[in-house]
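Participant:
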Amino acid sequence: MRSDPATILHDLFGFEAFRGVQERVVTRVMDGLGTLAIMPTGAGKSLCYQLPAVALPGCCVVISPLIALMHDQLRSARALGIRAASLTSVDADWRETQDRLIAGELDLLYVAPERASSDAFRALLERSRICLFAIDEAHCVSEWGHDFRPDYRLLRPLLDAFPLVPRLALTATADAHTRADILTQLGLPNEGLIVSGFDRPNIRYAVKPRDGMGRQLAEILATNPGPGIIYVQTRALAEKLAESLGGKGRPVLPYHAGLDPAVRAGNQAAFLASEDMVMVATVAFGMGIDKPDVRFVAHAGLPKSIEGYYQESGRAGRDGDPAVATLLWGPEDFVRARQRIGEVEAARQAGERTRIAALGALVETGGCRRAVLLRHFGESPPDQCGNCDNCLAPPACVDATQTAQKLLSA
Ligand code: ADP
Ligand code: MG
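Taking full-length UniProt numbering, the leading residue of the sequence shown gets 1, the next gets one more, and so forth.
(1) For a test of the three-state rule: what should DSSP assign to Ser86, helix, strand or coil?
(2) Examine the ligand ADP and report whether any of its heavy atoms sits within less than 7 Å of the Cβ of Ala43.
(3) Return the Cβ separation of Tyr255 and Ala300 in integer angstroms, given the expectation that the two are a contact with Cβ distance under 8 Å.
(4) Considering only residues of the same chain and omitting the five flanking positions on each side of Glu114, which have a CB-CB separation below 6 Å?
(5) From the DSSP output, in three-state form, read off Ile63 for me.
(6) Can you give the Cα-Cα distance for Thr27 and Gln50, rounded to whole angstroms?
(7) Quick one: is Val190 buried, meaning 16 or more other Cβ sit within 10 Å of its Cβ, or exposed?
(8) Could you give the DSSP three-state label for Ile289: helix, strand or coil?
(9) Which partner residues does His299 have in the DSSP bridge list?
(10) Quick one: is the Cβ of Ala17 within less than 7 Å of any heavy atom of the ligand ADP?
(11) Do you know how far the Cα of Asp319 is from the Cα of Leu158?
(12) Rounded to a whole number of angstroms, what is the C-alpha to C-alpha distance between Asp293 and Asn202?
(13) At the level of alpha carbons, what is the spacing between Val165 and Arg24?
(14) Could you tell me the alpha carbon to alpha carbon distance between Asp11 and Leu327, rounded to whole angstroms?
(15) I'd like the span of the alpha helix (DSSP H) that includes Ser45, first residue to last.
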């Protein structure tokens, strides 16, 4: 061991203290215990494996689903002086990385799941010293999750081939079903589950029926001068809304995967630097974007899941200052969502149905929105948060909710 965790935390990472559950997670990992850490985006999951990677002799293998994410992490790890590398299709220095791994000169090695599960990779690890397997975005292993990736299922034989190496699974989003599934799929003990608080008290949640969407969004813009994101379902709508909402003195730009990469990068850079810009975006916008002063996130339609909604709306108010999350929905959103159930493979339909029902509960409740969100993540919040639309102005009657109920039970 090179040093104790508290010293590394301070001297290498430059932090005064662990945040939230980080210390519990790091302690378990350092004790060689299998762990599943559920921590919201921005809570500091990376540190939970980067610190042990430095503290323990041997290399930590990090399984991560996206090259862009890996390379972001690589850059920040290297900036701290951590010896980190990745083996991906765009890396040219494979030979050198493998040599360094075998020679014990790496703290962190990032790989995608399909690479990690290959025989060649296992053979490489057998010639190396490994201190930890960190499985990032671990919800991808579960068909119950909102982002199932079959490649994650292939990891188990690799993990089992190294029974003495502890495994740490990390994710921001996992309901009770998905959590149980991750534990099973990755062979983690039930007592290894560590869940950090999901509440974002500075975010004021509101859910409203769509009723003249253009006007409703313009109103949100008018009352929230700071940077904001409007999430839409389609690229076409992103373009259209960016155009119709723009030109009122406020910069409004579209963002979606269909844009020319240079335009997309330019729009993102402009948003990150701006103090009043609004981005009209598909869910392609957000992964790895850390802008602390986003003051509002609006959804022009139903998100894919509560997990998705929590993550997307959670991009507001990372700096802790007041922020607003507004969800606009219509019955047709549920109709479309139900149609999609028929389009997914049979094994995933139950999960899809559960997801839609959970969204139904969020939009239809006459009670506290935050309570619905937090209960979804297994917490036991008070009945009233005092900072959502229903707590601030209790609905006179909850008749409108019958629409949603009918659609859900159809
Ligand atoms: P996650 O992967 O959970 O979304 P990250 O690992 O990217 O979160 O960390 C989010 C931010 O929090 C980073 O800027 C990181 O440097 C910071 N951070 C992590 N741990 C701490 C800590 N103990 N004290 C202060 N800042 C921290
Ligand atoms: Mg992360």
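Ideal Cβ placement from N, Cα and C applies to all residues, glycine included.
Facilitator: This is what the structure holds:
(1) Ser86: strand per DSSP, three-state reduction.
(2) Yes - the ligand ADP has a heavy atom lying nearer than 7 Å to the Cβ of Ala43.
(3) With 8 Å as the limit, Tyr255 and Ala300 do not qualify as a contact, their Cβ atoms being about 14 Å apart.
(4) Cβ neighbours of Glu114 within its own chain (closer than 6 Å, five residues either side excluded): Asp151.
(5) Ile63: strand per DSSP, three-state reduction.
(6) Taking the straight line from one Cα to the other gives about 13 Å.
(7) The amino acid occupying residue 190 in the given sequence is Asn; Val does not appear at that position. The residue is exposed, with fewer than 16 neighbouring Cβ atoms inside 10 Å.
(8) Residue state for Ile289 is assigned as coil, using DSSP reduced to three classes.
(9) According to DSSP, residue pairing for His299 in a beta bridge involves Tyr231 and Leu327.
(10) For Ala17, the CB falls within less than 7 Å of some heavy atom of the ligand ADP.
(11) Roughly 39 Å between the two C-alpha positions.
(12) Computed Cα separation, rounded: 12 Å.
(13) For Val165 and Arg24, the distance between alpha carbons rounds to 18 Å.
(14) Going from the Cα of Asp11 to the Cα of Leu327 covers about 43 Å.
(15) Per the sequence shown, residue 45 should be read as Lys rather than Ser. Unbroken alpha helix (DSSP H) run through Lys45: Lys45 to Ala55.
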